[in-house]
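Enquirer: For the protein sequence lines, the chains are A and Z, in the order given. The first sequence begins at 1 in the UniProt record's numbering and counts up one residue at a time. The second sequence begins at 1 in the UniProt record's numbering and counts up one residue at a time. Quick one: this structure, given as structure tokens, is what I'll be asking you about.
Protein chains: 2
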Amino acid sequence: MGEFELIRKYFAAAPCAQGGEGIALGIGDDCALLALPVGEQLAVSTDTLVAGVHFADPCDPFLLGQRSLAVAVSDLAAMGANPLAFTLALTTPTVSADWLQRYAQGLNAMAQRCGIGLVGGDTTRGPLSLTLTVFGRVPSGQALTRGGAQPGDVLCVGGDLGNAAGALPLVLSQRTAPSAIAELLLAHYWSPQPQLALGLALRGKATSAMDISDGLLADSGHIAKASVVRLVIEQQRLPLSAQLLAFLGEQEAQSAALSGGDDYVLLFTLPPVELAPLLASGWPVKVIGRVEQGQGVVLVDHAGQDITPTNRGYQHFHEAP
Amino acid sequence: MGEFELIRKYFAAAPCAQGGEGIALGIGDDCALLALPVGEQLAVSTDTLVAGVHFADPCDPFLLGQRSLAVAVSDLAAMGANPLAFTLALTTPTVSADWLQRYAQGLNAMAQRCGIGLVGGDTTRGPLSLTLTVFGRVPSGQALTRGGAQPGDVLCVGGDLGNAAGALPLVLSQRTAPSAIAELLLAHYWSPQPQLALGLALRGKATSAMDISDGLLADSGHIAKASVVRLVIEQQRLPLSAQLLAFLGEQEAQSAALSGGDDYVLLFTLPPVELAPLLASGWPVKVIGRVEQGQGVVLVDHAGQDITPTNRGYQHFHEAP
């Protein structure tokens, strides 16, 4: 038996590969088989993480296992889908039992938190990279898309912005921070929490939704374009953690919130009437702006002046050469 | 707009990305949405091809486009599934418009032949590799698996074996061959034809099935193990093309058929009573052996003597370091 066959057996024995509701056939045949309840559709998303591009190499394989799955599952949250299953395509230059074990433990931890099962994949030799394809269930016609924002809606996010971008100098060992600050920022970077429950709560309420992976300004542009509307973001409403503010100062923290990537919190639009019940139920929803007729995204200050940065392109870790 | 955003738009505009039956939402949102008819299950398979490991680099991007999809769709054929959709995760070190255009043309050509639509994926910078995840539909309970072969069944394949392995010295420019030989062998390597129609025809008839990707002996071992049976392969029944025989001679041709990879023809078991109707309908089915009680795979000569090679491991191109 080759070492890659051993890897396959290793993942097949992982706790998250032991099946579950909706998984009619798991790892081990030419295909896995998924079953959907009548009246539901399957949501599908694929994400690739490349070593040295999307994550530092070497890095802690447990944290990488958590992060690689969380990033992909966040797309299910953004559609208001219930996680069902995922496949993992792992390309690795060498086979290290210790690395694999810790990677699989991180993957398992996130899989159990999200309620999602590993049903297959591929294992190949080559430069380290990971491609995860995630599957979720959503009642037909109820998926949240980017295309329904209406003038008059409020623009909201599901939590603080910029923490993961703030963590980047720590991840890359370019700076240090007191542990009270570093712990929060690094947790956001390495263990983003897909906002699955919030996604479900937004079904039938949000007019559009997506998850923020490339930064608030860039991703807002996707909703503005798909919905053919203009989004106005109010700078003073950007939710910033005390730790991010202490670490970066106000100006840099705002920049991280606007253009930093890897937040993986939901960005969505709501008719104003839907807002109060969500807040009353305790959802961590923050209004950051509004939807108007027009196109594009503008950032305004407390006086309503347009202060949109001309360069929205954040040098995302994964845009590095 | 970054160059990777341009690639995404490029694929989104491809003919094979224009939706189809069962595709409720295609490229462009956080997830694609697939709809399944009542009573059907979704078959899912993921395959990765790494440059320099699974294919020579550089190579013709049109041929790579065809091959990368065919290899993945072959797993749907092996389950008796109808192709529905696929995602493409493309990692590339540089963005070449010419390369992308020709790759997409090859992908399109195979997608149209297989009736499958591109619904999403990811595009990232890094060492060249391709991960395709394919989705198919199959009536609940009718998928062909590796696990149902019964003693008394005949062991069959869906066509000639060893042609793709025979093509390898040509692909790697280690040898040359007359065009009448080279054309057939290279066609099997670069444009494998997923046996989708045969897979559908085998529903309710075959007791087990898979596609041959790692070589007949190795893949027969998977059916033997999953079905808890012994498979007996008769050497003189191995179907070999005249071109392969002319190129390699009988002994090497048999070796390519037994241990060469990349055939992508179906390997399956049938009760003998099911055989005649399939042959009468014109399916290219060849009996190569039988199923017995026991375990493992044995190769026998015309006198019934065990001539199983001790080293079954073929040095598959994708097992190269």
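Glycine is no exception: its CB is placed at the ideal position from the N, C-alpha and C atoms. In this text the structure is predicted, and so the values were computed from the model without any measurement.
Within this structure, are the beta carbons of A/A138 and A/Q41 separated by less than 8 Å?
Expert: Along the first sequence, one-based indexing puts residue 138 of chain A at 138. Along the first sequence, one-based indexing puts residue 41 of chain A at 41. Reading off the sequence, residue 138 of chain A comes out as Val, not Ala. For A/V138 and A/Q41, yes; Cβs fall inside 8 Å.
Enquirer: Are the C-beta of A/I119 and some C-beta of chain Z separated by less than 8 Å?
Expert: In the first sequence, counting from the first residue as 1, residue 119 of chain A sits at position 119. Per the sequence presented here, residue 119 of chain A reads as Val, with Ile not at that position. Chain Z contact via Cβ: present.
Enquirer: If you compare alpha carbons, which of Z/L49, Z/G141, Z/A89 and Z/S227 is closest to Z/L155?
Expert: Taking the second sequence and counting its residues from 1, one reaches residue 155 of chain Z at position 155. Selected option, being the one with the closest Cα: Z/S227.
Enquirer: Would you call the region 291-300 of chain A in contact with the region 143-158 of chain A, where contact means no fewer than 3 C-beta pairs closer than 8 Å?
Expert: Yes, the region 291-300 of chain A is in contact with the region 143-158 of chain A.
Enquirer: In the DSSP assignment, the alpha helix (DSSP H) including A/R203 goes from what residue to what residue?
Expert: The residue you call residue 203 of chain A lines up with position 203 of the first sequence. First-last for A/R203: undefined, no H or E at that position.
Enquirer: Where in the region 251-303 of chain A do unbroken runs of the beta strand (DSSP E), each at least 3 residues long, occur, reported from the N-terminal end onward?
Expert: Taking only runs of at least 3 residues, the beta strand (DSSP E) segments lying wholly in the region 251-303 of chain A are 266-270, 286-292 and 296-300.
Enquirer: Can you pull the chain A neighbours of Z/D211, defined as C-beta to C-beta under 7 Å?
Expert: Looking up residue 211 of chain Z in the second sequence gives position 211. Within 7 Å Cβ-Cβ: D30.
Enquirer: Are there 16 or more other CB atoms within 10 angstroms of the CB of A/S179, so buried, or fewer, so exposed?
Expert: As a working note, residue 179 of chain A is residue 179 in the first sequence. Exposed, since its Cβ has fewer than 16 Cβ neighbours within 10 Å.
Enquirer: Give me the subset of the region 202-233 of chain Z whose CB atoms are less than 7 Å from a CB atom of chain A, sorted by chain position.
Expert: From the region 202-233 of chain Z, only M210 and D211 have a Cβ closer than 7 Å to chain A.
Enquirer: For Z/G20, which three-state DSSP category applies?
Expert: Along the second sequence, read from residue 1 onward, the residue named residue 20 of chain Z stands at position 20. Coil.
Enquirer: For Z/Q41, which residues in chain A fall below 7 Å Cβ to Cβ?
Expert: For the purposes of this step, residue 41 of chain Z is taken as residue 41 along the second sequence, with counting starting at 1. The contacting residues are A24, L33, L34 and A35.
Enquirer: Can you pull the chain A residues whose beta carbon is under 9 Å from the beta carbon of Z/L76, in chain order?
Expert: Within the second sequence, residue 76 of chain Z is the residue found at index 76, counting from 1. By Cβ distance, chain A contributes D30 and C31.
Enquirer: CA-CA distance, Z/C59 and A/L49?
Expert: Residue numbering aside, residue 59 of chain Z sits at position 59 when the second sequence is read from its first letter. Residue numbering aside, residue 49 of chain A sits at position 49 when the first sequence is read from its first letter. Each residue's alpha carbon lies about 24 Å from the other.
Enquirer: For Z/L128, which residues from the same chain have a beta carbon less than 7 Å from its beta carbon, with the 5 sequence-adjacent residues on both sides left out?
Expert: As a working mapping, residue 128 of chain Z is identified with position 128 in the second sequence. Closer than 7 Å at the Cβ level, and outside the excluded window around Z/L128, lie A51, D57, T91, T92 and P93.
Enquirer: Could you please tell me which residues of the region 78-94 of chain Z, in chain order, have their CB closer than 7 Å to any CB of chain A?
Expert: Flagged, chain order: A78, M79, A81, T87, A89 and T91.
Enquirer: Z/L76 and Z/P169 - do their beta-carbons sit closer together than 8 Å?
Expert: Residue mapping note: residue 169 of chain Z aligns to position 169 of the second sequence, counting from 1. Residue mapping note: residue 76 of chain Z aligns to position 76 of the second sequence, counting from 1. Contact flag unset, no.
Enquirer: Would you mind reading off the limits of the beta strand (DSSP E) that contains Z/Q41?
Expert: As a first step, residue 41 of chain Z must be located in the second sequence, where it is residue number 41. Counting along the chain, the beta strand (DSSP E) containing Z/Q41 begins and ends at E40 to V50.
Enquirer: Within 8 Å, do at least three Cβ pairs link the region 63-76 of chain Z to the region 24-41 of chain Z?
Expert: No, they do not touch.
Enquirer: Do you know whose CA, among Z/L258, Z/M210 and Z/F55, lies nearest Z/T310's CA?
Expert: Against the second sequence, residue 310 of chain Z aligns to sequence position 310. Comparing Cα-Cα distances from Z/T310 to each of Z/L258, Z/M210 and Z/F55, the minimum goes to Z/L258.
Enquirer: Taking 8 Å as the CB-CB cut-off, is A/G289 touching chain Z?
Expert: Along the first sequence, one-based indexing puts residue 289 of chain A at 289. Taking Cβ atoms only, chain Z never reaches closer than 8 Å to A/G289, which makes this a no.
Enquirer: Cutting at 8 Å between CB atoms, please list the residues of its own chain near Z/Q18, excluding the five before and the five after it.
Expert: Looking up residue 18 of chain Z in the second sequence gives position 18. Correct list, in chain order: G26 and G117.
Enquirer: Can you confirm whether A/A180, when its beta carbon is compared against all beta carbons of chain Z, has any partner nearer than 8 Å?
Expert: The residue labelled residue 180 of chain A in the question sits at position 180 within the first sequence. No, A/A180 lies away from the interface with chain Z (no Cβ there is under 8 Å from its Cβ).
Enquirer: Could you tell me whether the Cβ of A/A143 comes closer than 8 Å to any Cβ of chain Z?
Expert: Start at 1 with the first residue of the first sequence, and residue 143 of chain A comes out as number 143. Cβ-Cβ to chain Z under 8 Å: yes for A/A143.
Enquirer: Which residues in chain Z sit within 9 Å of A/D262, going by Cβ to Cβ distance?
Expert: Translated into the one-based positions of the first sequence, residue 262 of chain A becomes position 262. Here the premise fails: no neighbours, minimum Cβ distance about 14 Å.
Enquirer: Do Z/T46 and A/G121 come within 8 Å of each other at the CB atom, strictly closer than that value?
Expert: Counting from one through the first sequence, the residue named residue 121 of chain A turns up at place 121. Counting from one through the second sequence, the residue named residue 46 of chain Z turns up at place 46. Yes.
Enquirer: As an exercise, report each continuous alpha helix (DSSP H) stretch of at least 4 residues that is fully enclosed by the region 146-204 of chain Z, in chain order.
Expert: Taking only runs of at least 4 residues, the alpha helix (DSSP H) segments lying wholly in the region 146-204 of chain Z are 163-171, 179-190 and 196-202.
Enquirer: Please determine, among A/R125, A/G115, A/Q101 and A/A218, the residue with the shortest C-alpha to C-alpha distance to A/A81.
Expert: The residue given as residue 81 of chain A occupies position 81 in the first sequence. Minimum Cα distance to A/A81 is reached at A/G115.
Enquirer: Please go through the same chain and pick out, in chain order, the residues whose beta-carbon is closer than 7 Å to the beta-carbon of A/G106, but skip the five residues on each side of it.
Expert: In the first sequence, the residue the question calls residue 106 of chain A occupies position 106. So the list reads P61, F62, L63, L64, G65 and Q66, once near-sequence residues are dropped.
Enquirer: Just to confirm my understanding: we take A/L200, look at its own chain, exclude 5 residues before and 5 after, and list those with CB closer than 8 Å. What are they?
Expert: As a first step, residue 200 of chain A is located in the first sequence; it is residue number 200 there, counting from the start. Excluding positions up to five away in sequence, the list reads G80 and N82.
Enquirer: Are the C-beta of Z/R8 and some C-beta of chain A separated by less than 8 Å?
Expert: Translated into the one-based positions of the second sequence, residue 8 of chain Z becomes position 8. No, no contact with chain A.
Enquirer: Expressed to the nearest angstrom, what Euclidean distance is found between the alpha-carbon atoms of Z/I223 and A/G2?
Expert: Position 223 of the second sequence holds residue 223 of chain Z. Position 2 of the first sequence holds residue 2 of chain A. About 18 Å.
Enquirer: Consider the Cβ of A/S281: report whether some Cβ of chain Z lies at a distance smaller than 8 Å.
Expert: Position 281 of the first sequence, counting from 1, holds the residue named residue 281 of chain A. False, the Cβ-Cβ gap to chain Z never drops below 8 Å.
Enquirer: Decide if Z/A85 is buried, meaning its Cβ has at least 16 other Cβ atoms within 10 Å, or exposed.
Expert: In the second sequence, residue 85 of chain Z corresponds to position 85, counting from 1. It counts as buried.
Enquirer: Along chain A, which residues have their Cβ under 7 Å away from the Cβ of Z/D47?
Expert: Here the question's residue 47 of chain Z lines up with position 47 in the second sequence. D122, listed in chain order.
Enquirer: Can you check DSSP and say which residues form a bridge with Z/R125?
Expert: Position 125 of the second sequence, counted from the start, is the residue given in the question as residue 125 of chain Z. Z/R125 pairs with Z/T92.
Enquirer: With DSSP as the reference, label A/V71 as helix, strand or coil.
Expert: Position 71 of the first sequence, counted from the first residue, corresponds to residue 71 of chain A. Note: A/V71 maps to helix in three-state DSSP.
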